[in-house]
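Here is the structure we will look at.
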Amino acid sequence: MKNKIKLYKQEINNIYSTGKHLRSSYVKLITLKNSFKKNRLVFSIKKQHANAVERNKIKRRIKAVIHKNEQINGFDMVISVFPKIKTATFAEIEEDFKKILVKLEK
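Counting in numbering that gives the first Met the number 0, the sequence shown runs from 0 upward without gaps.
Dropping the structure here:
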């Protein structure tokens, strides 16, 4: 069983107010360093993304990209997606996310 560390509403508000805001063509990422060795994720995907199957597919792809890039650990992240992510392939999402990670490391 996975050990999940929950993000509470007050923590999410703190991420929005003091976190680092990064944008790319498919996602908006707000990050804040945490005291854990794991990433904690919050997704913000609007209902305009067709149906639950489509929204879950987007979440799975983003989680896979984050898991593949092991250099990002210990962050709280709020991830918002833009509508054109629906037509993007996994490779395009991965490349786009790598651009954000370069900005994050600065």
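Heads up, the beta-carbon is just placed ideally off N, CA and C, and yes, glycines get one too. All values derive from a computational prediction rather than experimental measurement.
Between which two residues does the alpha helix (DSSP H) containing residue i stretch?
| i | result |
| --- | --- |
| Phe42 | Element bounds for Phe42: not the alpha helix (DSSP H) but the beta strand (DSSP E), Arg39 to Ser43. |
| Lys8 | Lys8 to Thr17 |
| Ala51 | Ala51 to Lys67 |
| Lys102 | Phe89 to Glu104 |
How many angstroms separate the CA atom of residue i from the CA atom of residue j?
| i | j | result |
| --- | --- | --- |
| Ile65 | Ile71 | 7 Å |
| Leu31 | Asn12 | 11 Å |
| Leu21 | Glu10 | 18 Å |
Assign residue i to one of two classes, buried (16 or more other C-beta atoms within 10 Å of its C-beta) or exposed (fewer than that).
| i | result |
| --- | --- |
| Phe35 | exposed |
| Ile99 | buried |
| Ala51 | exposed |
| Arg39 | buried |
| Arg59 | exposed |
| Phe74 | buried |
| Ala63 | exposed |
Give the range of the beta strand (DSSP E) segment to which residue i is assigned.
| i | result |
| --- | --- |
| Ile29 | Val26 to Lys32 |
| Phe74 | Phe74 to Val80 |
Q | Contact between the segment 25-43 and the segment 67-87 (3+ Cβ pairs under 8 Å) | A | yes
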